[in-house]
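One structure is given here, and the rest of the page talks about it.
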Amino acid sequence: MSVNIVAFGNERDGFSENSQQPSLIWSYLGTSALISQIDSSLSAGHVGNPVFTEYQACVFGNVRLVVHDCPIWDIFDSDWYTSRSLIGGADIIVIKYSVNDKTSFQELKDSYVPMIKKALNHCSVPVIISAIGARKNERVPCTCPLCTSDRRSCVTTSEGVQLAKELGATYLELHTLNDFYIQKYFGGVLEYFMIQSLNQKSSEKMKKRKRTQKCHRVQPPQLEQPEKMPILKGEASHYDADLHNLLCCCQCADVAFYPEDFSTAVEAHKVILCSVSHLFMLLFEVKSPADIRDASIVRTAQSLFAVEAGAAFPPVRVVVKDSIFCSCLPDILHFIYSGAFQWERLEEDIKKKLKDPEKTEHVLEKVKCILKTPGKLNTVKDCRSHHIKRLYNTSLRLFFNTPVLADVIFKIQGATVPAHRAVLVARCEVMAAMFNGNYLEANSILVPVYGVSKDTFLSFLEYLYTDSCCPASILQAMSLLICAEMYQVMRLQHICELYIITQLQSMPSRELASTSLSIVSLLKKAKFHNSDCLSTWLLHFIATNYLIFSQKPEFQDLSVEERNFVEMHRWPSSLYLKQLADYRNYVHSQKCHCAVM
Numbered sequence: 024m025s026v027n028i029v030a031f032g033n034e035r036d037g038f039s040e041n042s043q044q045p046s047l048i049w050s051y052l053g054t055s056a057l058i059s060q061i062d063s064s065l066s067a068g069h070v071g072n073p074v075f076t077e078y079q080a081c082v083f084g085n086v087r088l089v090v091h092d093c094p095i096w097d098i099f100d101s102d103w104y105t106s107r108s109l110i111g112g113a114d115i116i117v118i119k120y121s122v123n124d125k126t127s128f129q130e131l132k133d134s135y136v137p138m139i140k141k142a143l144n145h146c147s148v149p150v151i152i153s154a155i156g157a158r159k160n161e162r163v164p165c166t167c168p169l170c171t172s173d174r175r176s177c178v179t180t181s182e183g184v185q186l187a188k189e190l191g192a193t194y195l196e197l198h199t200l201n202d203f204y205i206q207k208y209f210g211g212v213l214e215y216f217m218i219q220s221l222n223q224k225s226s227e228k229m230k231k232r233k234r235t236q237k238c239h240r241v242q243p244p245q246l247e248q249p250e251k252m253p254i255l256k257g258e259a260s261h262y263d264a265d266l267h268n269l270l271c272c273c274q275c276a277d278v279a280f281y282p283e284d285f286s287t288a289v290e291a292h293k294v295i296l297c298s299v300s301h302l303f304m305l306l307f308e309v310k311s312p313a314d315i316r317d318a319s320i321v322r323t324a325q326s327l328f329a330v331e332a333g334a335a336f337p338p339v340r341v342v343v344k345d346s347i348f349c350s351c352l353p354d355i356l357h358f359i360y361s362g363a364f365q366w367e368r369l370e371e372d373i374k375k376k377l378k379d380p381e382k383t384e385h386v387l388e389k390v391k392c393i394l395k396t397p398g399k400l401n402t403v404k405d406c407r408s409h410h411i412k413r414l415y416n417t418s419l420r421l422f423f424n425t426p427v428l429a430d431v432i433f434k435i436q437g438a439t440v441p442a443h444r445a446v447l448v449a450r451c452e453v454m455a456a457m458f459n460g461n462y463l464e465a466n467s468i469l470v471p472v473y474g475v476s477k478d479t480f481l482s483f484l485e486y487l488y489t490d491s492c493c494p495a496s497i498l499q500a501m502s503l504l505i506c507a508e509m510y511q512v513m514r515l516q517h518i519c520e521l522y523i524i525t526q527l528q529s530m531p532s533r534e535l536a537s538t539s540l541s542i543v544s545l546l547k548k549a550k551f552h553n554s555d556c557l558s559t560w561l562l563h564f565i566a567t568n569y570l571i572f573s574q575k576p577e578f579q580d581l582s583v584e585e586r587n588f589v590e591m592h593r594w595p596s597s598l599y600l601k602q603l604a605d606y607r608n609y610v611h612s613q614k615c616h617c618a619v620m
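Note that this note's numbering numbers the sequence shown so that position 432 is 455, with each residue one more than the last.
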């Protein structure tokens, strides 16, 4: 193996008095500890002025190093074929120039760099540009790439860097040809590219050898890729829409707001209002003034509302003392039931209704106080849409599995679970029919639940309140999926399906082979509970992991139709396994080492 280096250019400036100064290449070859057995010869050229010097040596022990050092650029003018052949056969190209010879550098840039770029058009050969010498018009050599202080007869650093960019080269400045600059600086970069070249040649040689061996050997069978698994698409959340529809239909309303003359009524739900506002918590006695600890909220509650005492049955009657605020109450409730985050829309609606800036500001200040967090100031900026978080999925969690404001109690496995009809009706169509139809549950406080465990039912209720769920295991996710199918909550069903699929996909093959979890049992349950997407995916999953599941006893529980599907889509295929067995027999008969197995 060999490395070919071609060096162009002269490191001596035209006015140098020291004509015996050693060249960069010779200095490196003569002093490097990695170089041995140096031999040099001059090429044919003009008398006393050879075209190039050829050096041959050994590097890294037994690697042949061939260097062509061309000190004059005339070779490109006189013998373009030779110069192009040198570049074409080069593994590394070195371009040298003196920083004190601006004329030669300009000629190199204008005339010879385009020729080099043309010769390198289809090659990826590393190029090293070496700027040699200390500039004579400055006291201390400057290495800053942005320096513009040396603009006289010297070649500036920025000009050298720009030249390197044109060629995609590595730029070096060698202020003097001493041991540091030649061995550690220039030599380090050159040796790095030599190692890269050797690695590339070794890799190409190995690939060529493998191709040659491949042509003369029986090839192992090609394992095809498994079929793509079915893709399950999640359903978008309709949490805000569910609660907003609750306000529109007024099902299970337990509070009614009246003006002072009791001419009209606006119905709402305590649990929704309290989930948004500490003021409503105070009004409906969920919290006391001592719990609130904010006098402004207490004052606003007393000045805005008055709860009528003595109401035996819902809805609770609340008188709105402020007539202007009362006229805007439907818009304010729509704002609250939509998640209490569309502040700009509320501003616009109230402005259109009142058409009076002072009255509009008055009402908006009351709304800010309703939304206020105790102990904090609510500014207009805090109420902007991008500063307000959606409130329900976090604030309704406060009322999950608590008796506060609860108006229904589920009895399950000997335990009781409190809940709120408003949330259940808004989020679940089956419960909406159950609590509003001609069913026993419509007028009953205690509702028994059958066919589901307490933990699963709590997870189901948590989803209704918060629009999120996090099953602890695949089996719990399947139980929750069954509960969601029983109450026809399709989005929760899809969430459970995605959870099961994600967990199975992340399970390593060794764990899949040793697990006690029955995938076939999951398949049967998914089919029975109308989870078509999950059942189809599980069939593909069994087929894709055929070698694992075919060894399990549960594999025999598959129906004939399911077995036929798995055999048709199995991976790896039976044909591949037969070809692999034949190839193994061939390898064994040839008594040779198998590169695949």
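Backbone N, C-alpha and C fix where the C-beta goes; we use that ideal spot for every residue, glycine too.
Remember, predicted model here, so these are calculated numbers, not experimental data.
Beta-bridge pairing of residue i - partner residues as DSSP gives them
i, result
"residue 62", "79"
"residue 91", "29 and 77"
"residue 290", "279"
"residue 389", "According to DSSP, which records beta bridges pairwise, residue 389 is partnered with nothing at all."
"residue 86", "82"
Start and end residues, beta strand (DSSP E) containing residue i
i, result
"residue 275", "Per DSSP, residue 275 belongs to no beta strand (DSSP E) and is neither H nor E."
"residue 623", "This structure leaves residue 623 out entirely; the chain is present only between 24 and 620."
"residue 46", "No beta strand (DSSP E) contains residue 46, which DSSP labels as neither H nor E."
"residue 194", "193-197"
"residue 439", "438-442"
"residue 119", "115-121"
"residue 469", "469-471"
"residue 35", "Note, residue 35: premise wrong, no beta strand (DSSP E); not H, not E."
"residue 341", "339-343"
Where the alpha helix (DSSP H) through residue i begins and ends
i, result
"residue 326", "318-327"
"residue 360", "352-360"
"residue 588", "583-592"
"residue 548", "542-551"
"residue 247", "From DSSP, residue 247 is part of no alpha helix (DSSP H); its letter is neither H nor E."
"residue 563", "555-567"
"residue 181", "180-190"
"residue 507", "497-509"
"residue 396", "Here residue 396 belongs to no alpha helix (DSSP H), and DSSP marks it neither H nor E."
"residue 126", "125-130"
"residue 369", "366-377"
Residue i, DSSP secondary structure in three states
i, result
"residue 55", "coil"
"residue 281", "strand"
"residue 154", "strand"
"residue 204", "helix"
"residue 99", "helix"
"residue 423", "coil"
"residue 299", "helix"
"residue 435", "strand"
"residue 448", "helix"
"residue 212", "helix"
"residue 136", "helix"
"residue 148", "coil"
"residue 453", "helix"
"residue 330", "strand"
"residue 475", "coil"
"residue 12", "No answer is possible for residue 12: it lies beyond the span of the chain, which begins at 24 and ends at 620."
Same chain, Cβ closer than 6 Å to residue i, five either side skipped, listed in chain order
i, result
"residue 51", "205 and 210"
"residue 389", "348"
"residue 26", "88, 114, 217 and 220"
"residue 449", "265, 266 and 269"
Own chain partners of residue i with C-beta closer than 8 Å, once the 5 adjacent residues on each side are dropped
i, result
"residue 148", "110, 113, 114, 115 and 116"
Chain-order list of residues whose beta-carbon lies under 7 Å from that of residue i (same chain, five-residue window excluded)
i, result
"residue 402", "Because residue 402 carries a pLDDT of 49, less than 50, the predicted location of this residue cannot be relied on, and the following value inherits that uncertainty. Taken in chain order, the list of residues that qualify is empty."
"residue 561", "542, 545, 546 and 549"
"residue 522", "494 and 500"
"residue 315", "301, 305, 321 and 397"
Within-8 Å CB hit, residue i to chain B
i, result
"residue 380", "Of the protein chains in the structure, only one exists, and it is not chain B."
beta-carbon residue i near the ligand SAM non-hydrogen atom, thresh 7 Å
i, result
"residue 108", "Here there are no bound small molecules, and the ligand SAM is not part of this structure."
Validate contact between the stretch 247-263 and the stretch 324-344 using beta carbons, cut 8 Å, 3 pairs: no
Does the pairing of the stretch 354-361 with the stretch 335-342 give three or more beta-carbon distances under 8 Å? no
May I ask you to verify whether the stretch 457-477 touches the stretch 486-493, counting CB pairs closer than 8 Å and requiring at least 3? no
Within 8 Å, do at least three Cβ pairs link the stretch 365-378 to the stretch 261-277? no
Tell me, please, whether the stretch 131-141 touches the stretch 182-189 by the rule of three or more beta-carbon pairs shorter than 8 Å. A contact exists between the stretch 131-141 and the stretch 182-189.
When the Cβ atoms of the stretch 243-257 are set against those of the stretch 592-600, are three or more pairs found closer than 8 Å? yes
Using 8 Å as the Cβ pair cut-off and three pairs as the minimum, do the stretch 315-324 and the stretch 346-354 touch? no
Validate contact between the stretch 475-488 and the stretch 420-440 using beta carbons, cut 8 Å, 3 pairs: The count of Cβ pairs closer than 8 Å, one atom from the stretch 475-488 and one from the stretch 420-440, reaches three, so the stretches are in contact.
Say whether the stretch 472-482 touches the stretch 280-300, bearing in mind that this needs 3 or more beta-carbon pairs closer than 8 Å, one atom from each stretch. At 8 Å Cβ cutoff, the stretches do not touch.
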